[in-house]
Amino acid sequence: MAFRVAILANFDPDEPGGSEMLSRITTLLRCSRTGATEITVHAAIRGDAFPDPSEYDLVILTGGPFNLLKHTEENERPEWVRRTLGWIQETVKFHEASGLSEPRGKKKAKLVGICWGHQAIALALGGRLGQVLQERGGQSIGVETVPLTSQGAAFFKTESLDIQKNHALVVIHPGSYLTPIASGSASSQNEVLLSHCPPILTFQGHPEMDAALARLFAGFATGGASDRADWIPSEGFKGINDVHDGEAILKRVVAWAAE
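So in full-length UniProt numbering, the last one in the sequence shown is 259, and the numbering has no gaps at all.
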C-alpha cells in the first residue's frame with residue numbers, strides 16, 4: 001500500500017513562489033522514503049476540498065501569508081481560513097472518536113504544521129498567537145538553532161535543530177493538546193510542538209525551505225528584492241545560506257507518520 005500524503009497549501013499555488021514551494025516539498029517527501037509515495041495538493045484558498053484524514057498517512061499544513069492576528073473575530077476571517085481551522089478541529093475529533101477501535105492498517109492521517117500551519121493548528125486547538133518582538137525587528141529571517149527539551153531530543157535523536165525561519169507571528173500559548181518540545185527562553189519554547197494523541201507535530205520554522213526559497217520569501221516578507229544574494233539575518237540567527245537540518249527533519253517527519 002502506498003504511503004499517502006496530502007499537502008494543504010495555505011497559499012495560492014499560482015502566485016509567485018507557489019509552484020516552487022510545492023515542488024520543493026514534493027521532492028523532499030519522495031526522497032525521504034524508499035517505497036511508493038502518493039502526494040495530492042489541496043488549496044482551500046482557491047476553493048479546493050479538504051483531504052479526508054481516513055485516506056492519508058500524513059497531512060502537511062504549509063506556511064502562508066495570511067495574518068491570523070489581524071483578523072481575530074471569527075466573522076472577520078476569510079471563509080477559507082474559517083474552513084481550515086474547522087477542518088483541524090474536525091480531524092482531531094475524528095482521531096478522538098476512532099481511538100483504538102479502528103482495524104489495524106486503517107489510515108488516520110497524522111498532522112504536520114509548518115509556520116502558518118503551526119500557528120493555525122495551535123489557534124484551532126485553543127492556543128494563542130503573538131507578534132515577533134519589535135526589538136527583534138518584528139520579523140524573524142535566517143537559520144536559527146532551536147534547542148530541544150529531553151522529549152524533543154529523544155524524538156529527533158539530536159539536541160537541537162537548525163531550521164530556516166521567516167515569520168512575524170509566534171505561538172505564545174500552545175493550548176491543551178500540544179506540548180512544547182523546544183527549550184530556551186519563553187518566546188522560543190513553542191517553536192516545535194508535539195501531540196501523540198491526536199498525532200500532531202508542528203514547526204514555527206520551515207524545514208522545507210532551501211536557500212533559494214528563503215531568499216524568495218524574505219523578499220516577499222520585507223518588500224525587498226527577492227534576488228538578493230543574502231539577507232542580514234535576525235539577531236542570533238545564521239544567514240539563509242548556512243547549513244540547516246531541513247532534509248533530516250522531513251525524513252524524521254515521514255518516518256513518524258509511517259509508524
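Virtual Cβ for every residue (Gly too), placed ideally from N, Cα, C. The model shown is predicted, which means the values in this text are computed figures rather than measured ones.
Between G205 and I163, the CB-CB gap stays under 8 Å. Here DSSP, grouped into helix, strand and coil, assigns T34 to coil.
Taking 8 Å as the cut-off, the Cβ atoms of P180 and Q189 count as close. Annotation for E191: V146, A182 and Q204 place their beta carbon closer than 6 Å to its own, counting only its chain and skipping 5 residues before and after. Sequence-distant partners of W87 (beyond 5 residues in either direction) whose C-beta falls short of 6 Å from its own C-beta, in its chain, are F50. For H167, the uninterrupted beta strand (DSSP E) run begins and ends at S160 to H167, by DSSP. The residue from G35, N241 and L29 with its alpha-carbon nearest to that of I141 is N241. In the DSSP assignment, the residues bridged to H206 are Q164.
In this structure the region 53-62 lies against the region 110-124, because at least three pairs of beta carbons, one per stretch, are closer than 8 Å. By the C-beta density criterion, E90 is exposed, having fewer than 16 other C-beta atoms within 10 angstroms. Every beta strand (DSSP E) stretch that sits fully inside the region 13-87 and reaches 3 residues is listed by chain position as 37-42 and 58-61. Taking 8 Å as the cut-off, the Cβ atoms of D12 and I45 count as close. Residue L148 holds the alpha-carbon nearest to the alpha-carbon of E159 among H167, K165 and L148.
Between the alpha carbons of L178 and V92 lies a gap of roughly 12 Å. By the criterion of a C-beta distance shorter than 7 Å, Q119 is surrounded in its chain by L68, L129, L169 and V171, once the five residues flanking it on both sides are discounted. Beta-bridge partners of T91 (DSSP): none assigned.
DSSP places V132 in the coil class of the three-state scheme, outside both helix and strand. Straight-line measurement puts the Cα of I7 at about 5 Å from the Cα of V41.
Beyond the five residues adjoining it in sequence on each side, K108 comes within less than 7 Å, by CB distance, of P53, S54, H95, S98 and E102 in the same chain, given in chain order.
Taking each of H71, Q151, G246 and L201 in turn and checking the Cα distance to W256, the smallest one comes out for L201.
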